[in-house]
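Q:
2 protein chains.
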Amino acid sequence: MRVGNLPGIRRLPIYLDILRKLSESGLETVSAHILAEEAGLLVSVVRKDIEMTGATGKTGVGFCIDALVSNIETFLGWDNPYYAFLAGVGNLGSALLGYEGFRNHGLHIVAAFDVNPEAIGRVVHEVEVLHLDTLCGLAQRLHVSTGIITVPSAQAQGVADLFVTAGITRIWSFAPKILRVPSNVTIQREDLAAGLAELLVRSARRSERRPLVL
Amino acid sequence: MRVGNLPGIRRLPIYLDILRKLSESGLETVSAHILAEEAGLLVSVVRKDIEMTGATGKTGVGFCIDALVSNIETFLGWDNPYYAFLAGVGNLGSALLGYEGFRNHGLHIVAAFDVNPEAIGRVVHEVEVLHLDTLCGLAQRLHVSTGIITVPSAQAQGVADLFVTAGITRIWSFAPKILRVPSNVTIQREDLAAGLAELLVRSARRSERRPLVL
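Sequence lines, in order, name chains S and E. According to my numbering, the first sequence holds residues 2 to 215 in order. According to my numbering, the second sequence holds residues 2 to 215 in order.
1. Can you name the start and end residues of the beta strand (DSSP E) that serine 174 of chain E belongs to?
2. Any C-beta of chain S within less than 7 angstroms: which residues of the region 45 to 77 of chain E qualify?
3. If you count every other CB in all the chains shown that lies within 10 Å of the CB of leucine 143 of chain S, and 16 or more means buried, which is it?
4. Along chain E, in chain order, which residues have C-beta atoms closer than 7 angstroms to that of serine 95 of chain S?
5. Contact defined as beta carbons within less than 8 angstroms: I believe isoleucine 169 of chain E pairs with glycine 148 of chain E. What is the distance between those atoms, to the nearest angstrom?
6. 8 angstroms is my cut-off, CB to CB: does alanine 205 of chain S come that close to chain E?
7. Interface residues of chain S around alanine 18 of chain E at Cβ under 8 angstroms?
8. Indicate the three-state DSSP secondary structure (helix, strand or coil) for arginine 123 of chain E in the structure shown.
9. Have a look at arginine 171 of chain S and histidine 106 of chain S and give me their C-alpha separation to the nearest angstrom.
10. Return the residues of the region 161 to 174 of chain E that lie within a Cβ-Cβ distance of less than 9 angstroms from chain S, sorted by chain order.
11. So that I know if they touch, is there some Cβ in chain E lying closer than 8 angstroms to that of valine 130 of chain S?
12. Just how far apart, CA to CA, sit alanine 194 of chain S and glutamine 141 of chain S?
13. Could you work out which residues of chain S lie near valine 116 of chain E, taking near to mean beta carbons separated by less than 9 angstroms?
14. Got a sec? Which residues, its chain only, sit under 6 angstroms from arginine 210 of chain S by beta carbon, not counting five neighbours each side?
15. Would you call glutamate 191 of chain E buried or exposed, if buried means 16 or more other Cβ atoms sit within 10 Å of its Cβ?
16. Using a Cβ-Cβ distance under 8 angstroms, would aspartate 192 of chain S count as near chain E?
17. Taking 8 angstroms as the threshold (C-beta atoms), are valine 145 of chain E and aspartate 115 of chain E in contact?
18. Out of S:Glu38, S:Gln156 and S:Val160, state which residue places its alpha-carbon closest to the alpha-carbon of threonine 135 of chain S.
19. Below 8 angstroms on the Cβ atoms is my contact criterion, and I expect isoleucine 15 of chain S with isoleucine 10 of chain E to pass it. Report the Cβ-Cβ distance as a whole number of Å.
20. Using the Cβ count rule (16 or more neighbours within 10 Å means buried), how would you classify valine 62 of chain S?
21. Quick one: give me the first and last residue of the alpha helix (DSSP H) that histidine 106 of chain E is part of.
22. My output table needs one value for aspartate 192 of chain S: the three-state DSSP class, helix, strand or coil.
23. Could you work out which residues of chain S lie near glutamate 127 of chain E, taking near to mean beta carbons separated by less than 8 angstroms?
24. Using a Cβ-Cβ cutoff of less than 7 angstroms, which residues in the same chain neighbour proline 82 of chain S once the five nearest sequence positions on both sides are dropped?
25. So if DSSP puts threonine 187 of chain S in a beta bridge, which residue, or which two residues, is it bridged to?
26. Identify whether valine 46 of chain S lies in helix, strand or coil by the three-state DSSP scheme.
27. Flag arginine 11 of chain S as yes if its beta-carbon sits less than 8 angstroms from any beta-carbon of chain E, otherwise no.
28. Would you give the residue range spanned by the alpha helix (DSSP H) that leucine 23 of chain E belongs to?
29. Nearest CA to the CA of leucine 87 of chain E: which residue from E:Glu129, E:Glu38, E:Glu29 and E:Arg21?
30. Where does valine 128 of chain E fall in DSSP's three states?
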């Protein structure tokens, strides 16, 4: 599946954070150089990422911060709020329910599901926990498009199947396991080990090169 | 910083999961085609990712599973166990302390830290929670190389500074905030919103193209 510059897409939320902070501090325009410095990236990378969203700057002035925020949000589809269900209210599920970032991104988790009798009926970060059996009917009534999987690996495929049956077409899975879904469903596997892999390799490359730099 | 194929590096843990499962089911060799199918990726992508680790297959036979696992682990540095501290034992921190995946990856979280009196002294997934004030001395005694930040954004820079003072050179931060560290420290920011951005853009691309396909 070709969707353009995936690493760039993953960086866009970083720019949004920086732009919001610059805007709060009273700035109205920003250069690609400042953005690059704040994000710890190369200017050429920042320019390419921003170009992807269709935003254009002016020579000597830079980008209008409000316009750039709105370009990035539209590109990511974060200007349209959408509803999500979360299945699995363990530690990770609870962490996602309380994650500071999502509210800025149009993501509204409207209900959480579990099968543990101790979890059902609780309210976690203002979201009610319901029994997994009630998921299908509710998804259709509430026009829920997105499902988040935070159950243990062994239950993840079952929950994915349930999401698909409920008509959910976007699945975001945190289970360290590959899940099968029909071709009309987009699944994003969030592997916490991926970040660890990246950190270790980047750090090793740096140590290897250090003697050459000194 | 150029470290080669970062998206490929992030995919390596997926191959490891698949290879371990195939090995458990009694297989000794695997083709790039099977790996690609299991991972839901293009064969050309899988070949390129594996090539990066230095592993070589045989025509008509494929890759020896044990050798490929060992190549990937060595490439990622996961064959050498290393020690980490985790700061911030809220929901996300607790989830990471219990994450099934890390034990396979050489990562040993040897202590967790917090400032909340209710958290200190608790044992979370077999890891003791200590007061943040004791971090510096312990890092040096235990040869801890890696620090994981799961505190709220507002405290994240303070914890990063503390890690740096303690001699930690690899920081894995889950705070939705850009942190400043000296140039000899590698920092990996794990932005949960990045995965959400990728999911939405991939799903939107697919919907746009659907009428052409039908």
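Glycine included, C-beta positions come from ideal geometry on N, C-alpha and C. Remember, it's a predicted structure, so these values are computed and weren't measured experimentally.
A: Once the coordinates are examined:
1. Start at 1 with the first residue of the second sequence, and residue 174 of chain E comes out as number 173. Start and end: 171 to 174.
2. Leu77
3. By one-based count along the first sequence, residue 143 of chain S stands at place 142. Classification for leucine 143 of chain S: exposed.
4. Reading the first sequence from its first residue, position 94 is the one you call residue 95 of chain S. Asn92, listed in chain order.
5. As a position in the second sequence, residue 169 of chain E is number 168, starting the count at 1. As a position in the second sequence, residue 148 of chain E is number 147, starting the count at 1. Going by Cβ atoms, the distance from isoleucine 169 of chain E to glycine 148 of chain E rounds to 4 angstroms, so yes, they are a contact pair.
6. Position 204 of the first sequence, counted from the start, is the residue given in the question as residue 205 of chain S. Closer than 8 angstroms: yes.
7. By one-based count along the second sequence, residue 18 of chain E stands at place 17. Reading the sequence as shown, one finds aspartate at residue 18 of chain E and not alanine. Going along chain S in sequence order, the residues near aspartate 18 of chain E (Cβ under 8 angstroms) are Pro177, Lys178 and Ile179.
8. Along the second sequence, one-based indexing puts residue 123 of chain E at 122. If DSSP states are grouped into helix, strand and coil, arginine 123 of chain E belongs with coil.
9. Position 170 of the first sequence holds residue 171 of chain S. Position 105 of the first sequence holds residue 106 of chain S. Using only the alpha carbons, I get a separation of about 15 angstroms.
10. Thr170, Arg171, Ile172 and Trp173
11. As a working mapping, residue 130 of chain S is identified with position 129 in the first sequence. Chain E, which has no Cβ nearer than 8 angstroms to the Cβ of valine 130 of chain S, makes this no.
12. Locating residue 194 of chain S in the first sequence gives position 193, where the first residue counts as 1. Locating residue 141 of chain S in the first sequence gives position 140, where the first residue counts as 1. Going from the Cα of alanine 194 of chain S to the Cα of glutamine 141 of chain S covers about 34 angstroms.
13. The residue labelled residue 116 of chain E in the question sits at position 115 within the second sequence. Residues of chain S passing the Cβ test: none, with the nearest at roughly 18 angstroms.
14. As a working note, residue 210 of chain S is residue 209 in the first sequence. Confidence in arginine 210 of chain S is poor, its pLDDT being 48 and thus under 50, which makes the residue's placement unreliable; the coordinate value appears in the next sentence. Correct list: empty, nothing qualifies.
15. Counted from its first residue, the second sequence places residue 191 of chain E at position 190. Buried: at least 16 other Cβ atoms inside 10 Å.
16. The count along the first sequence starts at 1 and reaches residue 192 of chain S at position 191. For aspartate 192 of chain S, the answer is yes, since a Cβ of chain E falls inside 8 angstroms of its Cβ.
17. Reading the second sequence from its first residue, position 114 is the one you call residue 115 of chain E. Reading the second sequence from its first residue, position 144 is the one you call residue 145 of chain E. No, the Cβ-Cβ distance between aspartate 115 of chain E and valine 145 of chain E is not below 8 angstroms.
18. Locating residue 135 of chain S in the first sequence gives position 134, where the first residue counts as 1. When only C-alpha atoms are compared, the closest one is S:Val160.
19. Here residue 15 of chain S corresponds to residue number 14 of the first sequence, with the count starting at 1. Here residue 10 of chain E corresponds to residue number 9 of the second sequence, with the count starting at 1. Going by Cβ atoms, the distance from isoleucine 15 of chain S to isoleucine 10 of chain E rounds to 19 angstroms, so no, they are not a contact pair.
20. Here residue 62 of chain S corresponds to residue number 61 of the first sequence, with the count starting at 1. Exposed, by the Cβ-count rule.
21. Residue mapping note: residue 106 of chain E aligns to position 105 of the second sequence, counting from 1. Run containing histidine 106 of chain E: none; DSSP gives neither H nor E here.
22. Here residue 192 of chain S is taken as the residue at index 191 of the first sequence, counted from 1. In the structure shown, aspartate 192 of chain S sits in coil (DSSP, three-state: anything other than H, G, I, E or B).
23. For the purposes of this step, residue 127 of chain E is identified with residue 126 of the second sequence, where counting begins at 1. None at all; the shortest Cβ gap to chain S is about 14 angstroms.
24. Here residue 82 of chain S corresponds to residue number 81 of the first sequence, with the count starting at 1. If we look at proline 82 of chain S and ignore the five residues flanking it on each side, its Cβ neighbours are Gly107 and His109.
25. Here residue 187 of chain S refers to the residue found at position 186 when the first sequence is read from its first residue. According to DSSP, which records beta bridges pairwise, threonine 187 of chain S is partnered with S:Arg171.
26. Along the first sequence, read from residue 1 onward, the residue named residue 46 of chain S stands at position 45. In the structure shown, valine 46 of chain S sits in a helix (DSSP, three-state: H, G or I).
27. Stepping through the first sequence from its first residue, residue 11 of chain S is reached at position 10. For arginine 11 of chain S, the answer is yes, since a Cβ of chain E falls inside 8 angstroms of its Cβ.
28. What you label residue 23 of chain E is simply residue 22 of the second sequence in a count that begins at 1. Start and end: 7 to 25.
29. The count along the second sequence starts at 1 and reaches residue 87 of chain E at position 86. Minimum Cα distance to leucine 87 of chain E is reached at E:Glu129.
30. Residue mapping note: residue 128 of chain E aligns to position 127 of the second sequence, counting from 1. Strand, per DSSP.
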